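Just so you know, the protein sequences line up as chains A and B, in that order. 265 is the number that the working numbering gives the last residue of the first sequence; the numbers go up by one with no jumps. 348 is the number that the working numbering gives the last residue of the second sequence; the numbers go up by one with no jumps. See below for the structure under consideration.
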Amino acid sequence: MWDKHAEIVWNRRVADGIYLMALRSPEIAATARPGQFVMIRVGEGLEPLLRRPFSICKAAEDRILVLYRVVGRGTRILSDTREGGSLSVLGPLGRGFEPPREDHRAILTAGGMGIAPLLFLARSLPPERMVFLAGFGSANEVIRADQIGLLDMPICVATDDGSAGHYGLVTDLLEDALNDRDGRRTTVFACGPLPMLTAVVAVTRARGIPCQVSLEAGMACGLGACQGCALKAARGQGRAYWHVCQDGPVFDAMSLDWESI
Amino acid sequence: MDAMSKQPDLRVSVGPLNLKNPVLTASGTFGYGREFSSLMDLNRLGGIVVKGVSLHPREGNPPPRIVETPCGMLNAIGLANVGLDAFLNDKLPWLKKLNAAVIANIYGHSVEEYGAVAAGLRGAEGISAIEVNISCPNVKEGGMAFGTDPDVSARVTRRVVNEADKPVIVKLSPNVTDIREIARSVEEAGACALTLINTLTGMAIDIERRVPVLANVSGGLSGPAIRPIAVYMVRQVVKTVRIPVIGVGGIMTYRDALEFLIAGARAVQVGTASFVHPDSALRVVDGLAEFCRNHGLSRIEEIIGTLRET
């Protein structure tokens, strides 16, 4: 784990309101595992005060790549930063994805920006035993991972308005994929908005398929000190809450209390 | 070696407590220390005030527990902690190997429970002092009541002083009409030092959903937004009591720490800043040393309480 200034190598718009940033951080790039995250300080002043958590979507050579959507003040400032500048980056943080069993195929299921950690995971898995599904609101929000050097394989896309790929939800694609072949020797990896994750977990739970989910929560430190990022644990876990920054951000879906989340 | 390049003496005493420098990490912002150990040399800290310990483990409040605010944040963690036994068995053995003072922050839901935690820490090696939290605003059971009533504050203090075999510091709430009243009361009850201020109670509202952002509704405001209030209260209390004061509230840099020291605090705590930069407290230590060198001060003591008021 390191807390250092990282040079902004480049910062590009890759879809509507969505940016991809390359940061020079040899230490983090060398040690990051799929599913882990970094805490980035978007500026040096007191406002905004706290760092923002971002999934690492690629770690190669001396760089890490961060994919983000402009959703608020912090990400707006981030989108305005220019190459050559530097940002304080803390990481790699948290527990990443566990690799699937040898005899399992992996179905990666992304909703919107949830694609970011799954792209990192995808590159660590054998392509012949992996299916990558991603849902977006509309065609202009689709992240063309193959066109921006994030992945060499096709992604099955669904959009809410039917403007690209399947007209409907990514969970439709997931159910199709599970019906397609023997669904039992499958592990699902999911990241996206809560309603989407809840739907994914309902599908996998009904079929008894292992599912790992990557979640987010408001957090101040990323280190387990502030205890701000609590998520309700499922019964029988021996604790009331997990902390996203340390126990996650990747969880076994069965370890969480989806009713309260 | 000339005077300018000589390493200044940062040692301070806070009542019976001797610190190698005046910079502590504030309770609830630094876990049990170990969370930060791979990022910084904890041995260079003046001390670590650990996450508040209660008699029994506590899971804390439902989420959302934190929200960012202008130059600060609100938290309603709900004093989540491992409990007294786990603290002594799992956390303290590692902490006591450090060459930094370890201060156990404690709280209870009744005067008796405060006493029980203090008694439970008796004989524990590696703890330099006890800091009593009478001011956490998040526990509905009455955490606030202890810190806002001078008589109840005194009762808690007296009980902890009687039960403890270590110096007792009491951490005061700013959520009162006159903090000097509580300070005097706690001093008379036998506290050897005061820490102030804890967080200020506040809330944030989600304007789209028209609900409080925090599940607990209210939370404690911390960060640089509260620093001027903290500096003022430290000044008020320093002029009121004879026991030493530890200043805390929004310290991000050594310059902020100096405001507290000049106001008369004999030590400071760095809190929310550790979330922003994990090694903030060490940056403050280094900054204070640098300031002393640049100003020809051989000892940090020379600056404490030097505020010129007309």
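C-beta atoms are modelled at their ideal positions from N, C-alpha and C, and glycine is treated no differently. All of these numbers come straight from a predicted model, not from anything done at the bench.
Subject >> Nearest-angstrom beta carbon gap, Arg55(A) and Gly226(A) [assumed within contact, 8 Å] >> reply: Right, the Cβ-Cβ distance comes to about 7 Å (below 8 Å), so this counts as a contact.
Original post:
Assuming Thr239(B) and Leu210(B) make a contact with CB atoms under 8 Å, what is their CB distance in whole Å?
Top reply: The pair is not a contact, with the Cβ atoms about 14 Å apart (cut-off 8 Å).
Subject >> Cβ-based burial, Trp14(A) [other Cβ within 10 Å; buried from 16] >> reply: In this structure Trp14(A) is exposed. Its beta-carbon is surrounded by fewer than 16 other beta-carbon atoms within 10 angstroms.
Original post:
Tyr245(A) versus chain B: which residues are under 7 Å apart at the beta carbon?
Top reply: Against chain B, a Cβ distance below 7 Å from Tyr245(A) picks out Glu97 and Gly98.
Subject >> Contact set between Thr67(B) and chain A, taken where Cβ atoms lie within less than 9 Å >> reply: Neighbours of Thr67(B) on chain A, chain order: Ala224, Cys225, Ala229 and Cys230.
Subject >> Rounded separation between Leu201(A) and Leu62(B) - CA only >> reply: So the alpha carbons of these two residues sit roughly 42 Å apart.
Subject >> Residue from Gly53(B), Ile289(B), Gly258(B) and Trp132(B) whose Cα sits closest to the Cα of Asn236(B) >> reply: Ranking Gly53(B), Ile289(B), Gly258(B) and Trp132(B) by Cα distance to Asn236(B) puts Gly258(B) first.
**OP:** Can you give me the start and stop residues for the alpha helix (DSSP H) that Arg239(A) sits inside?
**Re:** Boundaries for Arg239(A): no alpha helix (DSSP H) harbours it, and the DSSP string shows neither H nor E there.
**OP:** Inspect the beta-carbon positions of Ile338(B) and Pro60(B) and report whether they are closer than 8 Å.
**Re:** Yes, these two residues count as a Cβ contact at 8 Å.
**OP:** For chain B, find out if any of its Cβ atoms is closer than 8 Å to the Cβ of Met134(A); answer yes or no.
**Re:** So no, Met134(A) is outside the interface.
Original post:
Whole beta strand (DSSP E) runs in the region 103 to 150 of chain A with 3 or more residues, listed along the chain?
Top reply: Counting whole runs of 3 or more residues, the region 103 to 150 of chain A contains the beta strand (DSSP E) stretches 109 to 115 and 134 to 140.
Subject >> Cutoff 8 Å: Ile115(B) Cβ touching any chain A Cβ >> reply: Yes - at least one Cβ of chain A is within 8 Å of the one on Ile115(B).
Subject >> Terminal residues of the alpha helix (DSSP H) in which Glu31(A) lies >> reply: Pro30 to Thr35 is the span of the alpha helix (DSSP H), which, as asked, contains Glu31(A).
**OP:** Return the chain-ordered ranges of every beta strand (DSSP E) run that is complete within the region 170 to 241 of chain A and spans a minimum of 3 residues.
**Re:** Contiguous beta strand (DSSP E) elements confined to the region 170 to 241 of chain A occur at 190 to 195, 215 to 218 and 234 to 236, taking only those with 3 or more residues.
Subject >> Candidates Asn127(B), Arg197(B), Gly98(B) and Asp123(B): closest to Asn113(B) by CA position >> reply: Closest option to Asn113(B), judged by alpha-carbon separation, among Asn127(B), Arg197(B), Gly98(B) and Asp123(B): Gly98(B).
**OP:** Quick one: grab the DSSP three-state call for Asp20(A).
**Re:** In the structure shown, Asp20(A) adopts coil according to DSSP, grouped into three states.
Subject >> Expected contact under 8 Å - CB spacing of Cys61(A) and Phe101(A) to nearest Å >> reply: About 13 Å separates the beta carbon of Cys61(A) from that of Phe101(A), a gap too long to meet the 8 Å contact definition.
Original post:
Shorter than 8 Å from the beta carbon of Leu231(B) to some beta carbon of chain A?
Top reply: Leu is not the amino acid found at residue 231(B); the sequence shown has Ala there. Contacts with chain A at 8 Å (Cβ-Cβ) do not include Ala231(B).
**OP:** Note down, in chain order, every chain A residue with its Cβ under 7 Å from the Cβ of Met241(B).
**Re:** Chain A residues near Met241(B): none, gap ~15 Å exceeds 7 Å.
Subject >> Closer than 8 Å at the beta carbon, the chain E residues around Val105(B) >> reply: Looking for chain E here will not work: the only protein chains present are A and B.
Subject >> Three-state secondary structure (DSSP) of Arg337(B) >> reply: In the structure shown, Arg337(B) sits in a strand (DSSP, three-state: E or B).
Subject >> Those residues which DSSP pairs with Ser260(B) across a bridge >> reply: Note: Ser260(B) sits in a beta bridge opposite Met111(B).
**OP:** Answer with buried or exposed for Ile32(A), where buried requires no fewer than 16 other C-beta atoms within 10 angstroms of its C-beta.
**Re:** Ile32(A) should be labelled buried.
**OP:** Throw me the rounded Cβ distance for the Gly343(B) and Gly302(B) pair, which I believe falls under 8 Å.
**Re:** About 4 Å separates the beta carbon of Gly343(B) from that of Gly302(B), a gap short enough to meet the 8 Å contact definition.
Original post:
Cα separation between Val50(B) and Val120(B)?
Top reply: Each residue's Cα considered, the two are about 31 Å apart.
**OP:** Please confirm whether Ala63(A) and Phe68(B) have their CB atoms less than 8 Å apart.
**Re:** Ala63(A) is not a Cβ neighbour of Phe68(B), given a cutoff of 8 Å.
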